[in-house]
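Counting in UniProt numbering, the sequence shown runs from 1 upward without gaps.
Every residue, glycine too, gets a C-beta built ideally from N, C-alpha and C.
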Amino acid sequence: MDSQSIFNQASFRFAARQNVSTPATTQPNGGAAEDSTMTSIDDDSSFQSRKDTTFSQKQGEPPQEINIQAPSNSIELTRNDQYRVSKLKALPKILAEEECDGLHGYIDQYSKYACVSSSGSVDIWNYASTDPTPITYTIDSDETLQKNSNNILPVLVLPSPGIKEPGLVSIDTVTGDIKYYEYVFSDSSVSMIYQKDNVSKRISLYAGEVITMYENIEPVGIVIATSHGRVILISLRDSAGKPNIQISNIISSSFLPFFRSKDQIVSIKGGKDLGHGTKSLSIITDSGLFTLWSVARDGQAIKIYETSVTDQLLGEIKDLYENDNITILDSHPLSTDTDDEQEAYLVLTSVENGANETCYILFTMVRNGDELMVFSAYRLTRYTKPYQNSVPKLYLPKPEMTAFIVFEDAIVLVEVTQKLEHSLVTNRKWEDVVLFRSGVKIIGTGFEDYSYEDGVFTNLPSVIVVSKKAGVLKIERCISSDDLKDTQQSFTSTSFTKSKIEQAVFYGYTDNNPLLFNVPENTIIEESEIEQAIISVGDELVGSKSAYLPPRLSSLAGHLELRLLKLKNLAEYVAVNFIHEITTNTKMKVISDLEKINAAYKIWSVLESYYYAPEGKQIIEFFCNSIKDTIGGESAVEKQIIENFFYYHVDKMGQFLSQITTRLLESFNQSNYSVAVLLVIKSIKEGAIDVETDIKNLFQMTSSEIGTEIPWILEGDLCFKLNDLHHSYHEAAAEFANSSNTAEVANHLVSLVSTLFFSFNQGLAFYTAKSLTKATREEIQRYKSVYESNRGIWISSLTEFNEMNAALQLAENFEDLLSLVRICDGEKDRVLSNGLDDTFVKERLDSYFEKFGYRFAETLYNYYVLNGKLQELLLGFPKYNSLLKRFLSSGNHGRISWIRNILDGEYFDSAYDLYTIANKADDLVSNKKLQLSVAKLSVLAQDEDQYNPNSDDILADIETGLTVLDIQENLYNQVSGLVHFEDDSDLVTETDRVLALLTSYLQKRSPIVNFLNLRKHLSKLLSNKSVPATELIDLYTLLDTKTPEMKMNFYQALKLVGTGFLSYSEKNISEILIWRRAILADDWKEIGNSVNRTPVFIKEKMENSALCITLLQCFQDDLFATNNNNRKIRLPDLEYLTQPIPQEEVAKRYGKNLNQASLASLTEQLDKEVQLIKDIMASFDFENYVKGIIGTAQTNSGSKEVVNYQTLELA
């Protein structure tokens, strides 16, 4: 059955009269009541649920059609396909008064009248009236009761024949005074109760005894219970039908000798008619005593049945709860579809489950003969709060398919079956709850049975709630023909959660709605079910599929705005109720849905303006074709295609924007670029960016949380197309911008650049958070490459249009530190060139130092270094010297850091930096000498109190470094006179020329590898660049000794070895090579041939040999006498020198510059040097000659060292 039809008829007529009961002396907590003025929230025509259902009607069966129009006497507060809650328009003044307390209400479903007693009066009105200020019949307290007026319980009773208005019975719960008014008479002048036939009487109450509850079981009368356990029948008419109060005891105190003061009657319910003016009556006490009675109007009462149910109730739940105390709260007879011999009852109970949770259990009990047995037990799942001041009340309006349980702040609706079949016990029951806001104070409740007329339903089973301030509320249960046939319904937690969310979204966000739509406390719902419900509601809103939405409106903008409002409600509801139960993906889904609808709403205003504009035809066509490419081909007219997209396909907003941007770009039309920019601004900047931060804050999310589903603004490579759009628009803006539109162009650029930063950062965040597969890494690189190479361009486009503040803000927000530096430095140059004060720029830079710390400092310092602004680097920001020191100590900044160290008086650090630079840098020899010289001065400049313990070591190293540079400079001076540079391009030519002049002896030996290596070393030497020690040794020892001065080269080479710069292996090999080459520098065969050679000639030749000169200088400089093995030079021992050098040792010295083949060739060439020396040794006694030369050199040097000529070591 379509539930829309449930609420679709204005007139009401009713069937046979039934019973109504209300709370008596106990009332719920009150609070600040809600505003009584309610407004309709949605049009009924938009609600879609069940289809209409028809069925054949037989006597006693439901009607064929179920059709009730939305009543004109109510305002809808919420609904779903299971129930509806309305506020009845008729609101008497008494319910709106601020200071009115001690109210008791009563509902009469048959006359549609309600009454409220207060300290001053009793007010009666037609609660079904369409009049917001209904005619109210009032009786003042001085005409009824002179005292205890707050204890008055009003009861509306059957009217007299021919009279429409009901009668009134007032019961004083403390004194026992009873007054009966036969009917309410309407008088326009006085509007009061017509009293001429009132009847009064008093119930004799014992000391301390009060009336605790009552039940109207007319026409038999009214049954009341007292605190002493008495049950009394009040009959209102005599056998002739005239008003006459008669009081009869059904249960007296003496009748229950075992009745204890703690036992209280908790439920009195009238049952079925027994004939002859009698009715069944069920009574149950808090101790579990259940009795069944037959009562007649004349006061005759017969007990039919008696038993105790407590043990049975506990037996059903003993294994489920630790607490063995069960509290009986209420009961109600239940009609069954079995034989008349079987009777059934619902019993509502509670079990405490901790301090803040109560389990409410609804038992179904069946009586067969003398046995009353538990048939089933159902625990309520939607409400667990402990009750405080008002005991929960159980209602079961016909057709007795739904039990309504009224709590202080809620009403639970739970499915009831009349089929007492054990196969149905395990089926899950439908259950839901209506919650009230804290200000709603219930003062009376009643119910209405379903009814029908002429085959049409005219009323649904419902509960009526009379509340202070909120007025009269009606909670109706939707039923259909399937329901009446007791067809089992399908129900899931998801449907419950989804229903709650939908009701909150569509009804909850209005101040004057007294209902609360939060999920009840302690309700157990799986997180996956919550997420499924949230996603489902969002999808239905985005796609216009929600049953609560009208399919269309006359204004598409209005429809988009409505969906946007409801999605905002959804976000707020999720934040309040499920923030800790849902994943980031679900949060992002809600945000995405909201952004897409907001984007659509913003875009529509742009598109709509082109419908009737002369230039709009092309834009409309672009829109239409882009939509077709996005959602597939459609044959409808353009306007329908576009509108269908905005109604039903907004979920594809990202793909659509990618398509439309591409089309507008490919048109190569400047005005179309502007349209594209406007669409991007409206959809992404205003539609997404401007709301995402707020919603993420609402969801307690960080800006970096993005989920695992691709954000919609990344779909279709939209980011990259926006970058293309920026370039096209920026380029075109230079042409079409003028004085009239510059501000607009600038604003558009600001928004577009803001969108680009946001989109690319979201893309990088999304892919960085994913598992790093090859595809993910490629995407990260793609985004990063475009972002890093373009963000400076984006920012500069803003500065071109004088949008400095926007550029700075975006660069700061997205931490584009280099753009911040460029903008600030440009501003500083500008103000200084104009003779202005640059303080504001310094203050801004200070703020960036404070905010970004070293990252900003590093960016700024690198910028200064690259642009040669060393003064600003070293002196510009003394406050942040610690950051400058960190920067200068990292990377290759020693050329600068030593200056800062000297300025700070940190001389050792300055020396260390300069020494490090001199050793690392591939720099001019002159620069290195300067660096080492300043380093030496820095060490020497230290005060005693700051003298570093490592100073002596570093000073020695510095001096050694200077010695090495002097040695290189000596060689450079020898060969530089042979070259004539005109420009740098002559270096290769001049190098080859010097090699040709100085390698004649080397080339005779055909040392190809040696020759090639020498060319590299010589090129570096001629460039006056620093040459490594081993390479410098080769230059000294392989170049020809054309002049006497050049014979000192071997000494210079050994002096270089003696500096300690070489490794142990390099030192040993270098010594061998130097002595070998010093020997081979002269023609020893000529010297050794004594024929025709005088001793003077031989002596002269020996003393002028490179070997003797080298030995002489070494003795003079004590190179053989040092105790430092790393610096000590060995005397030339031919036996040692003629040993071949293993290839692996050769590799240690030359391997880094040679491949394997060249290394083998070089080893072979070095072996040839050995062979040449052996040839000399074979021609004469060369070994003794060498020892003689050693002795001569020592003697001539004046050395006092003693040489052991056998071992060739100093003694």
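Should residue i and residue j be called a contact, given that it needs their Cβ atoms to be closer than 8 Å?
i, j, result
"Tyr848", "Leu866", "no"
"Met365", "Ala344", "yes"
"Leu817", "Phe852", "yes"
"Asn216", "Val157", "yes"
"Val434", "Ala410", "yes"
"Val174", "Val210", "yes"
"Ser117", "Leu88", "no"
"Ile1109", "Leu1054", "no"
"Thr661", "Lys721", "yes"
"Ser282", "Lys303", "no"
"Leu1056", "Ile1033", "yes"
"Ile681", "Ala599", "no"
"Asp140", "Gly167", "no"
"Val412", "Thr402", "no"
Since residue i sits in a beta bridge, which residues does DSSP pair it with?
i, result
"Ala403", "Val414"
"His332", "Leu346"
"Ser117", "His104, Val122"
"Pro1132", "BP columns for Pro1132 are empty, so no partner."
"Asn525", "For clarity, residue 525 is Ile in the given sequence; the question names Asn instead. Per DSSP, none; premise fails for Ile525."
"Gln246", "Ser235"
"Lys279", "Asp273, Val295"
"Ser544", "DSSP lists no partner for Ser544."
Taking the beta carbon of residue i as the centre, do at least 16 other beta carbons fall within 10 Å, making it buried, or is it exposed?
i, result
"Arg552", "exposed"
"Cys478", "buried"
"Arg1149", "buried"
"Asn459", "buried"
"Lys568", "buried"
"Ile958", "buried"
"Asp43", "Because Asp43 carries a pLDDT of 36, less than 50, the predicted location of this residue cannot be relied on, and no value is offered for it."
"Lys1004", "exposed"
"Leu903", "exposed"
"Thr381", "buried"
"Gly538", "buried"
"Lys1200", "exposed"
"Ser235", "buried"
If you follow the beta strand (DSSP E) that residue i is part of, which residue opens it and which one closes it?
i, result
"Leu714", "First-last for Leu714: undefined, no H or E at that position."
"Lys929", "Segment 925-940 is the alpha helix (DSSP H) holding Lys929; no beta strand (DSSP E) there."
"Gly471", "471-477"
"Gly270", "265-275"
What residue range is occupied by the uninterrupted alpha helix (DSSP H) comprising residue i?
i, result
"Glu843", "839-852"
"Pro1095", "1095-1103"
"Phe620", "Residue 620 is actually Ile in this sequence, not Phe. Run containing Ile620: 616-631, per the alpha helix (DSSP H) assignment."
"Lys566", "556-577"
"Arg663", "653-666"
"Asn459", "From DSSP, Asn459 is part of no alpha helix (DSSP H) but of the beta strand (DSSP E) over 456-459."
"Val1170", "1156-1179"
"Gly288", "Per DSSP, Gly288 belongs to no alpha helix (DSSP H) and is neither H nor E."
"Ala769", "742-769"
"Thr991", "987-998"
"Asn738", "Note, Asn738: premise wrong, no alpha helix (DSSP H); not H, not E."
"Val433", "First-last for Val433: 431-436, but that is the beta strand (DSSP E), not the alpha helix (DSSP H)."
"Thr358", "Thr358 -> not in any alpha helix (DSSP H); beta strand (DSSP E) instead, spanning 358-368."
"Leu810", "804-813"
Report, in whole angstroms, the separation of the C-beta atoms of residue i and residue j, which I expect to be a contact under 8 Å.
i, j, result
"Phe1061", "Val964", "6 Å"
"Tyr907", "Ala941", "5 Å"
"Tyr880", "Leu873", "About 11 Å; that fails the 8 Å criterion."
"Val266", "Lys279", "Val266 to Lys279, Cβ: 20 Å. No contact."
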